[in-house]
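Residue numbers (our numbering), protein chains in the order written: chain A, 66 to 178; chain B, 116 to 225.
All residues carry an ideal CB built from backbone N, CA and C; glycine is no exception.
Bear in mind that the values here come from a model prediction, so they are computed numbers and not experimental data.
Data block below; observations after.
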Amino acid sequence: DVKVTQSSRYLVKRTGEKVFLECVQDMDHENMFWYRQDPGLGLRLIYFSYDVKMKEKGDIPEGYSVSREKKERFSLILESASTNQTSMYLCASRSTGAYYEQYFGPGTRLTVT
Amino acid sequence: SQQGEEDPQALSIQEGENATMNCSYKTSINNLQWYRQNSGRGLVHLILIRSNEREKHSGRLRVTLDTSKKSSSLLITASRAADTASYFCATVNAGNMLTFGGGTRLMVKP
Numbered sequence: 066d067v068k069v070t071q072s073s074r075y076l077v078k079r080t081g082e083k084v085f086l087e088c089v090q091d092m093d094h095e096n097m098f099w100y101r102q103d104p105g106l107g108l109r110l111i112y113f114s115y116d117v118k119m120k121e122k123g124d125i126p127e128g129y130s131v132s133r134e135k136k137e138r139f140s141l142i143l144e145s146a147s148t149n150q151t152s153m154y155l156c157a158s159r160s161t162g163a164y165y166e167q168y169f170g171p172g173t174r175l176t177v178t
Numbered sequence: 116s117q118q119g120e121e122d123p124q125a126l127s128i129q130e131g132e133n134a135t136m137n138c139s140y141k142t143s144i145n146n147l148q149w150y151r152q153n154s155g156r157g158l159v160h161l162i163l164i165r166s167n168e169r170e171k172h173s174g175r176l177r178v179t180l181d182t183s184k185k186s187s188s189l190l191i192t193a194s195r196a197a198d199t200a201s202y203f204c205a206t207v208n209a210g211n212m213l214t215f216g217g218g219t220r221l222m223v224k225p
């Protein structure tokens with residue numbers, strides 16, 4: 066059974082803290098993605114990676130960074146958390162090519178107080 | 116940026132009825148995919164339709180694609196309470212990236 070796992074389902078952090086969200090996939094996918102999901106705004110792409118140590122900005126990269134040191138692991142980093150980063154964060158992975166589906170993790174609901 | 120726009124944004128029906136959701140998009144696509152999201156969870160892939168296909172079935176799901184109108188519809192027949200979820204369309208363009216729409220929230224009342 067293919068799987069994308071995220072390190073936490075719920076996380077509460079204080080403003081200014083450095084936050085790490087971890088994502089691991091077991092499908093040997095080249096591509097990994099981080100989205101945030103807010104009511105009324107749908108899924109917005111933060112960053113994606115198409116290979117180890119490679120990263121590309123998505124639609125809303127400001128305030129975030131990422132790290133991909135190993136193929137199976139993709140981390141999202143909030144350098145200095147702010148209240149407007151309170152959101153649901155979804156990680157996904159996918160094989161390269163047009164006709165592949167994307168596999169999502171269960172999500173991390175982050176609250177910044 | 117969103118490529119697909121779902122319509123309606125919310126839909127409430129009785130168990131046993133059919134549910135139809137629509138998706139419109141702006142640019143040419145390679146394929147279009149539909150996903151489902153249960154409350155507070157990740158998205159799960161339902162079905163993929165290629166740009167040269169007009170209709171596809173999977174169990175109680177029927178997807179149509181009209182590339183001339185840049186639109187797709189998802190029909191769920193004989194709905195069940197367990198179908199209550201949000202449904203998203205996602206378009207795949209020449210760059211092989213998925214772009215998701217805003218979703219339709221479906222509630223099926225028992």
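Subject >> Interface flag, A:Ser158 vs chain B, CB-CB below 8 Å >> reply: By one-based count along the first sequence, residue 158 of chain A stands at place 93. For A:Ser158, the answer is no, since every Cβ of chain B falls outside 8 Å of its Cβ.
Subject >> Pairwise C-alpha distance: A:Gly128 and A:Glu82 >> reply: Position 17 of the first sequence, counted from the start, is the residue given in the question as residue 82 of chain A. Position 63 of the first sequence, counted from the start, is the residue given in the question as residue 128 of chain A. Cα to Cα, the separation comes out at about 12 Å.
Original post:
What's the call for A:Met97, buried or exposed, on a 16-neighbour Cβ count within 10 Å?
Top reply: Here residue 97 of chain A is taken as the residue at index 32 of the first sequence, counted from 1. Result: buried.
Original post:
Which bits of chain A does B:Asn167 rub up against, with CB to CB less than 8 Å?
Top reply: For the purposes of this step, residue 167 of chain B is taken as residue 52 along the second sequence, with counting starting at 1. Chain order gives no chain A residues near B:Asn167, where near means a beta carbon separation below 8 Å; the closest approach is about 12 Å.
Original post:
What do you reckon, are the CB atoms on A:Ser114 and A:Arg101 nearer than 8 Å?
Top reply: Translated into positions along the first sequence, residue 114 of chain A becomes position 49. Translated into positions along the first sequence, residue 101 of chain A becomes position 36. No, these two residues do not count as a Cβ contact at 8 Å.
**OP:** Output yes if chain B places a C-beta closer than 8 Å to the C-beta of A:Leu108; else output no.
**Re:** Taking the first residue of the first sequence as 1, we reach residue 108 of chain A at position 43. Closer than 8 Å to some Cβ of chain B, the Cβ of A:Leu108 qualifies, so yes.
**OP:** Spell out whether any CB of chain B is found under 8 Å from the CB atom of A:Val177.
**Re:** Reading the first sequence from its first residue, position 112 is the one you call residue 177 of chain A. For A:Val177, the answer is no, since every Cβ of chain B falls outside 8 Å of its Cβ.
**OP:** Taking A:Pro104 as the query, report the chain B residues whose CB atoms sit under 9 Å from its CB, ordered along the chain.
**Re:** In the first sequence, counting from the first residue as 1, residue 104 of chain A sits at position 39. Going along chain B, no residue has its Cβ under 9 Å from A:Pro104, so there is no contact; the nearest lies around 10 Å.
**OP:** Check A:Ala163 in the structure and name its three-state DSSP category.
**Re:** Locating residue 163 of chain A in the first sequence gives position 98, where the first residue counts as 1. Looking at A:Ala163 - three-state DSSP - the assignment turns out to be coil, as it is neither helix nor strand.
Subject >> Sub-8 Å separation of B:Ser166 and B:Asn146 beta-carbons >> reply: By one-based count along the second sequence, residue 166 of chain B stands at place 51. By one-based count along the second sequence, residue 146 of chain B stands at place 31. Yes, the pair counts as a contact, with Cβ atoms nearer than the cut-off.
Original post:
Starting from B:Leu180 and walking both ways along the beta strand (DSSP E), at which residues does that stretch end?
Top reply: By one-based count along the second sequence, residue 180 of chain B stands at place 65. DSSP places B:Leu180 inside the beta strand (DSSP E), whose first and last residues are 176–181.
**OP:** Report buried or exposed for B:Gln129, applying the criterion of at least 16 other Cβ atoms within 10 angstroms of its Cβ.
**Re:** By one-based count along the second sequence, residue 129 of chain B stands at place 14. Under this definition B:Gln129 is an exposed residue.
**OP:** Could you have a look at A:Ala146 and say whether DSSP puts it in helix, strand or coil?
**Re:** As a working note, residue 146 of chain A is residue 81 in the first sequence. Secondary structure of A:Ala146 (DSSP, three-state): coil.
**OP:** Work out the CA separation of A:Glu144 and B:Phe203 for me, nearest whole Å.
**Re:** Within the second sequence, numbered from 1, the residue matching residue 203 of chain B stands at position 88. Within the first sequence, numbered from 1, the residue matching residue 144 of chain A stands at position 79. B:Phe203 and A:Glu144 have their C-alpha atoms some 31 Å from each other.
Original post:
Is it the case that the Cβ atoms of A:Pro126 and A:Ile142 are separated by a distance below 8 Å?
Top reply: For the purposes of this step, residue 126 of chain A is taken as the residue at position 61 of the first sequence. For the purposes of this step, residue 142 of chain A is taken as the residue at position 77 of the first sequence. No, these two residues do not count as a Cβ contact at 8 Å.
**OP:** Indicate whether at least one CB of chain A lies closer than 8 Å to the CB of B:Val207.
**Re:** For this step, residue 207 of chain B is matched to residue 92 along the second sequence. A Cβ of chain A is located within less than 8 Å of the beta carbon of B:Val207.
Original post:
Is B:Thr214 buried or exposed, if buried means 16 or more other CB atoms sit within 10 Å of its CB?
Top reply: The sequence position of residue 214 of chain B within the second sequence is 99, counting from 1. Classification for B:Thr214: buried.
Original post:
Between which two residues does the beta strand (DSSP E) containing A:Asp103 stretch?
Top reply: Position 38 of the first sequence, counted from the start, is the residue given in the question as residue 103 of chain A. For A:Asp103, the uninterrupted beta strand (DSSP E) segment begins and ends at 96–103.
**OP:** For the region 73–103 of chain A, enumerate the residues whose C-beta is nearer than 7 Å to any C-beta of chain B, in chain order.
**Re:** Residues of the region 73–103 of chain A with a C-beta atom less than 7 Å from some C-beta of chain B do not occur.
**OP:** Could you check which residue in B:Thr219, B:Leu189, B:Cys138, B:Leu161 has the C-alpha nearest to that of B:Glu170?
**Re:** Counted from its first residue, the second sequence places residue 170 of chain B at position 55. It is B:Leu189 whose Cα lies nearest to the Cα of B:Glu170.
Original post:
When we look at the beta-carbon of B:Gln124 and count the other beta-carbons within 10 Å, is it buried (16 or more) or exposed?
Top reply: Residue 124 of chain B sits at position 9 when you count from the first residue of the second sequence. It counts as exposed.
Subject >> Inter-residue Cα distance where the pair is A:Lys135 and A:Met119 >> reply: One-based indexing of the first sequence puts residue 135 of chain A at position 70. One-based indexing of the first sequence puts residue 119 of chain A at position 54. Pairing A:Lys135 with A:Met119, the inter-Cα distance amounts to about 11 Å.
Original post:
Name the residues in the region 175–191 of chain B whose C-beta lies less than 7 Å from a C-beta of chain A; which are they?
Top reply: Within the region 175–191 of chain B, no residue qualifies.
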